[in-house]
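Report on the following structure.
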Amino acid sequence: MIQTELQSLVPEMEFIIIKSVFFQFGLAIHQNDHQARRRFVEWAQNEIAVVADFHKRILFSDEAHFWLNGYVNKQNFRIWNEANPQVYVETPLHPEKLTVWCALWAGGILLQKR
1 MIQTELQSLV PEMEFIIIKS VFFQFGLAIH QNDHQARRRF VEWAQNEIAV VADFHKRILF
61 SDEAHFWLNG YVNKQNFRIW NEANPQVYVE TPLHPEKLTV WCALWAGGIL LQKR
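With UniProt numbering applied, the sequence shown corresponds to residues 1 to 114, in that order.
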């Protein structure tokens, strides 16, 4: 969800968009990332000291796609077996799906379906 859409959902808040690529994509944390993590922690500590309700401005969000034909994205699944079953399942090129975006914050739950 783009920043303007988020701000239209909760216009009275001034959110700062920070995307966590480490958790989203499962990327490894490298030696060089230490300085960036330290800068982020120092920034957050400063914000907590300066802005009284900073903790109320933290918003955790994610989105998921649900295919209406029963398809499940198994990209992140791992199935261990002694032999490859060599099973092929035909699926439509563009099946219907429902996308759900949800966010949790101090003000409650924001939910959007597309």
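By construction, the Cβ of each residue, glycine as well, lies at the ideal position given by its N, Cα and C atoms.
Since the structure is predicted, the reported quantities are computational estimates derived from the model, not experimental observations.
DSSP-derived helix/strand/coil call for residue i
| i | result |
| --- | --- |
| Met1 | For Met1, the pLDDT reaches just 48, beneath the cut-off of 50, and the residue's location in the model is therefore unreliable, although a value from the coordinates is still provided. Reduced to three states, the DSSP call for Met1 is coil. |
| His34 | helix |
| His94 | coil |
| Ala52 | coil |
| Gly107 | coil |
| Ala44 | helix |
Per DSSP, the bridge partner or partners of residue i
| i | result |
| --- | --- |
| Trp101 | Glu63 and Gln112 |
Integer-rounded CB distance, given that residue j should sit under 8 Å from residue i
| i | j | result |
| --- | --- | --- |
| Glu63 | Trp105 | Between Trp105 and Glu63 the Cβ distance is about 16 Å, and since that is not below 8 Å, they are no contact. |
| Ala103 | Phe66 | No, Ala103 and Phe66 are not in contact; Cβ-Cβ is about 18 Å, not under 8 Å. |
| Phe54 | Glu47 | 5 Å |
Residue nearest to residue i in terms of C-alpha spacing, selected from the options
| i | options | result |
| --- | --- | --- |
| His94 | Leu68, Phe54 and Asp33 | Leu68 |
| Leu110 | Ile58, Gln31 and Asn84 | Ile58 |
| Glu96 | Gly70, Asn84 and Gln112 | Gly70 |
| Gly107 | Lys56, Ala36 and His30 | Lys56 |
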